[in-house]
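Reading through the structure tokens given below for one structure.
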Amino acid sequence: EAARGGARAAEHGGALPILSEILLSEDGTSVSMGVCKCITGLVENGTRAARVHLVREAGAVAGVVAVLQDNPSHAGGWEALAGLLTIPGALDESMRVGVAEILPHGLQSG
364 EAARGGARAA EHGGALPILS EILLSEDGTS VSMGVCKCIT GLVENGTRAA RVHLVREAGA
424 VAGVVAVLQD NPSHAGGWEA LAGLLTIPGA LDESMRVGVA EILPHGLQSG
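Structure, rendered in structure tokens:
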């Protein structure tokens with residue numbers, strides 16, 4: 364229940380626009396573990412609207428894939444991607460931004 368409350372507080376406190384700005388302005392190499400954890404928290408505990416926003420507007424899939432292209436052993440990135448892929452539209456977006464190319468590296472790095 365605390366995680367859900369935290370995710371809702373983050374939504375109402377303006378976390379989605381901040382995440383959008385970070386994800387859309389970075390090349391992926393500087394997206395931190397904290398950003399990936401925030402995405403995971405919103406995917407797991409946020410509202411449906413927040414989850415859809417992450418995929419359709421915030422560029423979360425492309426941002427996380429960019430992190431993983433730069434660092435295939437980024438555990439937080441894989442956790443965030445796994446959560447994002449449960450959201451309608453995310454699988455298509457992930458294929459568009461190159462997830463197929465990084466999957467073998469992720470499997471090798473554990």
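Going from the sequence shown to our numbering is simple: count from 1 and add 363. Even for Gly, the Cβ is constructed at its ideal location relative to N, Cα and C. Predicted, not measured: the structure shown is a model, and the values here were computed from it.
Exercise. State buried or exposed for Q471, treating a residue as buried only when at least 16 other CB atoms are found within 10 Å of its CB.
Key: exposed
Practice problem: Determine the DSSP secondary structure at G461, reduced to helix, strand or coil. | Solution: coil
Practice problem: Starting from N434, trace the alpha helix (DSSP H) both ways and give me its first and last residue. | Solution: Per DSSP, N434 belongs to no alpha helix (DSSP H) and is neither H nor E.
Quiz item: So, using beta-carbon positions, are V418 and G446 closer together than 8 angstroms?
Solution: no
Quiz item: Straight-line CA distance for I402 to A423?
Solution: 8 angstroms
Quiz item: Can you find at least 3 beta carbon pairs, one from the region 409-418 and one from the region 430-437, that sit closer than 8 angstroms?
Solution: no
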